[in-house]
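Working notes for the structure below.
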Amino acid sequence: MTTEIGRADGMKAGWSVAGAGARSRVRGWAMENKKGVGSGGGFGGRGGVNAAVVIPVLNQLAYTQACVGCLQPDIAAGVRVVIIDNGSTDGTGEWLKAQSGLVVVSNTENRGCAAAWNQGWRAVEGAEWTVILNNDVLLPAGWLGRLIGAAEREGMSVVSPAMREREQNYPFSEYAADFMAKMSGVVRRDAAHGVCFAVKRAVFAKVGGFDEGFRIGQFEDSDFFRRCRIAGFKLGIVGDCFIHHFGSITQDALRGGPKVRPYEAENRAYYRAKWKIGWWRRRWEKFTSRRNLKRWRDAELAAHGRTLHAKWEDGAWKAF
């Protein structure tokens, strides 16, 4: 279910990371915008919310550099940023170790997403909030304060930001500021996504960490969110915070690599068996998911002309 909401608005030369020169453009964006991004609002170790950020990485150095560039104000404010390197071979490990202000955990092999997330949150167990974050994202000024602030306002224990995905062909900082100003207070309840989600410490204490039975990546987030719902925690996606997600960069690289078992199919089967999701239940859950998505999308478009989730498809931004 998608609705076309317009073509690239305010496109600037050199802002897209697709195609030739991707690495230099991403790195250039991070350097040019280094002072204009971050948590803002005093969140971190020097007062405010006690939060930490956990990022698993596997190669894709240019994206990691851009993400870390966005996090510099947070690091300066005392927010612990833990990066789990799952056996990178492209110079990522060496670059990470040369950076100040990062906590780097180095694995000799790809232990997968769930294991890396567990390594991360356990390294910052004292944090009231732990943000699990992909490395292929851009973060605007004030992102962390806005995300946690919205969660506390809404009484949520797991919260994700709004986002655009894939092509980054618009002036990110300007668009993000306008989006957050106009979409603040818009909420999709009982929903979250694995690109970026903040988890309150009480959640880990009650439901535990991530199931490492899921190989590489896929479904470990859905499993965790399901356990959170069963335990009675509130989840949500909020318009108060906006990010850009380039879109499964690491996963796409793995799919094209040699000797990779079909982990997505294996994880899907494991997830369905674990939760006893048969054919009828799958049909029902798919129906309710699509119904909720349509309601959210239609209401957001009617009230604001945009949605909390959009993807670049077939040359246009489409609402989800």
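The opening residue of the sequence shown carries number 1025 in our numbering; numbering runs sequentially from there.
Think of the CB as a built atom: it goes at the ideal place given N, C-alpha and C, for glycine as much as any other residue.
Quick check: what's the CA-CA separation for residue i versus residue j?
i       : j       : result
Asn1158 : Ala1326 : 31 angstroms
Ile1267 : Thr1132 : 30 angstroms
Glu1118 : Phe1238 : 28 angstroms
Ser1048 : Glu1191 : Summary for Ser1048: the model assigns pLDDT 41, below 50, so the residue's position carries little reliability, and this model does not support an answer.
Lys1318 : Gly1209 : 19 angstroms
Glu1152 : Gln1084 : 30 angstroms
Gly1102 : Gly1125 : 9 angstroms
Val1127 : Val1106 : 5 angstroms
Arg1123 : Ala1075 : In the sequence under discussion, the amino acid at residue 1123 is Gln, which differs from the Arg named in the question. Those two C-alpha atoms are separated by around 20 angstroms.
His1217 : Ala1340 : 22 angstroms
Cys1021 : Met1187 : As displayed, the chain neither begins before 1025 nor continues past 1344, which places residue 1021 out of reach and without an answer.
Glu1309 : Gly1150 : 36 angstroms
Ala1200 : Leu1171 : 13 angstroms
Arg1314 : Arg1307 : 11 angstroms
Arg1146 : Gly1233 : 9 angstroms
Asn1193 : Asp1338 : 14 angstroms
Trp1336 : Glu1189 : 6 angstroms
Trp1148 : Arg1225 : Looking at the sequence shown, residue 1148 is not Trp but Val. Cα to Cα, Val1148 sits roughly 10 angstroms from Arg1225.
Pro1195 : Val1183 : 25 angstroms
Ile1301 : Ala1100 : 46 angstroms
Thr1312 : Glu1176 : 27 angstroms
Asn1316 : Gly1169 : 28 angstroms
Asp1098 : Ala1293 : 39 angstroms
Asn1134 : Arg1104 : 23 angstroms
Excluding five sequence neighbours on each side, which residues of the same chain lie with their C-beta closer than 6 angstroms to the C-beta of residue i?
i       : result
Gly1060 : Below a pLDDT of 50, predicted positions are generally treated as unreliable, and Gly1060, at 36, falls in that range; the measurement from the model is reported next regardless. Correct list, in chain order: Ala1165, Ser1197.
Ile1240 : Gly1136, Tyr1287
Gln1143 : Ile1108, Val1129
Met1180 : Lys1258, Gly1260
Phe1243 : Asn1291, Tyr1295
Trp1167 : Cys1265
Val1155 : Val1077, Ala1222
Gly1271 : Glu1189, Arg1190
Phe1248 : Phe1234
Asp1114 : Asn1083, Leu1085
So, helix, strand or coil for residue i, using DSSP?
i       : result
Asn1131 : strand
Glu1324 : helix
Leu1085 : helix
Phe1221 : strand
Arg1330 : coil
Asp1235 : coil
Asn1110 : strand
Leu1126 : strand
Ala1101 : coil
Within the 8 angstroms Cβ cut-off, does residue i reach chain D?
i       : result
Ala1139 : Among the chains in the structure shown there is no chain D, since it carries only a single protein chain.
Can you find the residues in the same chain that come closer than 7 angstroms, C-beta to C-beta, to residue i, ignoring five residues on each side of it along the sequence?
i       : result
Glu1290 : Arg1239
Ala1140 : Pro1080, Ile1108, Asn1110
Asp1245 : Gly1218
Ser1112 : Val1081, Leu1082, Asn1083
Excluding the 5 residues flanking residue i on each side, which residues of the same chain have their C-beta closer than 8 angstroms to its C-beta?
i       : result
Thr1088 : Ile1079, Val1081, Ile1107, Thr1116, Trp1119, Leu1120, Asn1159
Ala1255 : Val1227, Lys1230, Val1231
Val1050 : Only weak support exists for where Val1050 lies, its pLDDT of 48 falling under 50; the value from the coordinates is given anyway. Contacts found: Val1041, Ala1086, Tyr1087, Gln1089, Ala1090.
Using 8 angstroms as the threshold, is the C-beta distance between residue i and residue j below it?
i       : j       : result
Arg1250 : Trp1299 : yes
Glu1178 : Val1223 : no
Val1262 : Ala1174 : yes
Asp1214 : Arg1253 : yes
Ala1016 : Asp1235 : The structure shown does not extend to residue 1016, since the chain is modelled only from 1025 to 1344, so the question has no answer here.
His1328 : Met1207 : yes
His1269 : Val1161 : yes
In chain order, each alpha helix (DSSP H) run of at least 4 residues that lies wholly inside the region 1242–1313: Counting whole runs of 4 or more residues, the region 1242–1313 contains the alpha helix (DSSP H) stretches 1244–1254, 1273–1279, 1287–1298.
Whole runs of the alpha helix (DSSP H) within the region 1144–1215, excluding any shorter than 4 residues: Entirely contained in the region 1144–1215, the alpha helix (DSSP H) runs reaching 4 residues are, in chain order, 1167–1178, 1196–1207.
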